[in-house]
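To keep things clear, I will list the structure first and then write my remarks on it.
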Amino acid sequence: MKAWLYSSTKGGLEKNLVFSPDARTPGSPQGDQLLIRVISTSINPADYKAPAMSTVCGKVLIATTPASPGMDFCGRVIAVGSDPAARQFTPGQLVLGCLGMPRQFGTLGEFILASANNTAPLPLGVDPDAAATIGVAGRSSYQSIVPYISTPGSRVFINGGSGGCGVYGIQIAKLLGCHVTVTCSTRNVQFCRDLGADEVIDYTAQDVLEVLKSQGQVFDHVVDHIGSPEGLYQECHSFLKPGKVFVQVGASSMLTFAHRLIRPSLLGGGKRKYVALLMKSHNDEFTQIANWIREGKIRVEFDAVYEFEDTVRAFERLRSGRTRGKIVIHVTSPDILKTMWTCVFKERIKKQETAVKQKHIRKANK
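Each residue of the sequence shown is one higher than the one before, starting from 0 at the first, in numbering that gives the first Met the number 0.
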């Protein structure tokens with residue numbers, strides 16, 4: 000298969016990516032696995048951060064190398080494993096999902112093995128590029144917000160509103176009836192307002208922490224995608240109500256998570272419950288988010304869409320820290336994608352025609 004491979008993260012994963020037209024395939028699916036041919040993938044900071052953070056003495060520990068980066072996908076099922084969970088899917092079916100963590104056979108290879116529990120059918124009418132953005136960003140936003148909001152009108156603060164997770168977070172919080180405050184740079188203020196943000200703090204022109212503290216304890220929930228300013232968690236009791244939760248989704252360094260988790264409140268640590276988000280496997284969340292997209296309740300914002308040969312450029316763009324929305328990479332050519340969609344529509348039309356014929360036969364027999 001064709002694949003982008005890396006064996007080192009020295010100097011940045013993207014500087015070590017090498018294209019291979021004849022890379023080894025992942026093999027046949029076992030148990031609850033599905034063999035999937037990838038149509039589109041979206042990339043996330045975790046795709047380069049996790050391999051880099053797990054590199055010890057030059058060896059990448061999180062995945063056997065050479066490995067392909069990437070976790071999110073939309074693709075077509077080629078073969079299924081023997082477990083009942085895998086047997087719910089059929090070869091030829093269009094699906095979306097997430098690998099959950101970096102692996103040897105990531106989504107920047109033509110074929111992957113994915114767990115059925117991390118895969119869901121692609122709803123008719125949802126664009127594969129949009130579906131490919133749900134895995135990490137969509138589910139992180141869902142899991143960092145939905146379980147913590149019990150009543151409409153709750154006030155939510157999202158630190159980092161214009162990135163992939165922030166775009167989903169704003170819209171999911173608004174779907175739950177929340178009042179949403181976010182941070183972003185000057186150029187993204189209107190962008191975040193258009194997504195539904197009620198209040199926007201421009202971190203390039205305002206002191207985020209001082210603006211929040213000046214409002215008092217008004218927030219029912221906090222989601223941090225950035226990890227800065229440094230004192231955001233330590234001072235969150237000034238703006239987050241008692242008994243409420245501060246959820247950490249992303250940060251520039253694992254030290255941010257460690258420092259905030261370990262430092263007790265008596266020694267200047269935060270005085271509200273701190274949760275470092277670890278994504279759980281709930282494939283019904285894929286379906287829920289995809290249906291929101293299909294219904295027009297959530298719109299997917301693309302920062303850029305790249306072809307497979309431009310993968311290195313895509314990672315360079317992601318690394319810039321100036322993305323607005325999601326970056327998507329086409330793994331399978333558009334011609335193949337068009338053929339796949341044609342086959343799906345023909346199959347559905349055939350089933351509908353068969354159902355109509357059977358209905359007429361039942362009527363005639365009465």
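We put the CB at the ideal spot given by N, CA and C, even for glycine.
- For residue 112, DSSP records a beta bridge to 34.
- Here residue 325 is buried, its C-beta having at least 16 other C-beta atoms within 10 Å.
- Taken in chain order, the whole alpha helix (DSSP H) runs of length 4 or more contained in the segment 188-225 are 188-194 and 207-214.
- DSSP, reduced to helix, strand and coil, places residue 158 within a strand of the structure shown.
- The Cβ neighbour count for residue 137, taken over all protein chains shown within 10 Å, is at least 16; the residue is labelled buried.
- With distances taken between CA atoms, residue 101 lies nearest to 62 out of 122, 120 and 62.
- In this structure, residue 307 keeps its C-beta atom at 8 Å or more from the C-beta atom of residue 12.
- Burial state of residue 56 is exposed, judged by a 10 Å Cβ sphere holding fewer than 16 other Cβ atoms.
- Residue burial is scored here from C-beta neighbours: residue 86 has fewer than 16 other C-beta atoms within 10 angstroms and is therefore classed as exposed.
- In the DSSP assignment, residue 242 falls outside any alpha helix (DSSP H) and within the unbroken beta strand (DSSP E) covering 239-247.
- Unbroken beta strand (DSSP E) stretches of 3 residues or longer found wholly inside the segment 35-75: none.
- Between residue 170 and residue 195 a beta carbon distance of about 6 Å is seen, short of the 8 Å cut, so the two are scored as contacting.
- Contact check between the segment 157-173 and the segment 184-198: three or more CB pairs, one atom from each, fall below 8 Å, which counts as touching.
- Counting other Cβ atoms within 10 Å of its Cβ, residue 119 reaches 16 or more and is therefore classed as buried.
- In the DSSP assignment, residue 127 falls within the alpha helix (DSSP H) that extends over 127-130.
- In this model, residue 72 and residue 99 are separated by some 11 Å (Cα to Cα).
- The DSSP-derived three-state label of residue 285 is helix.
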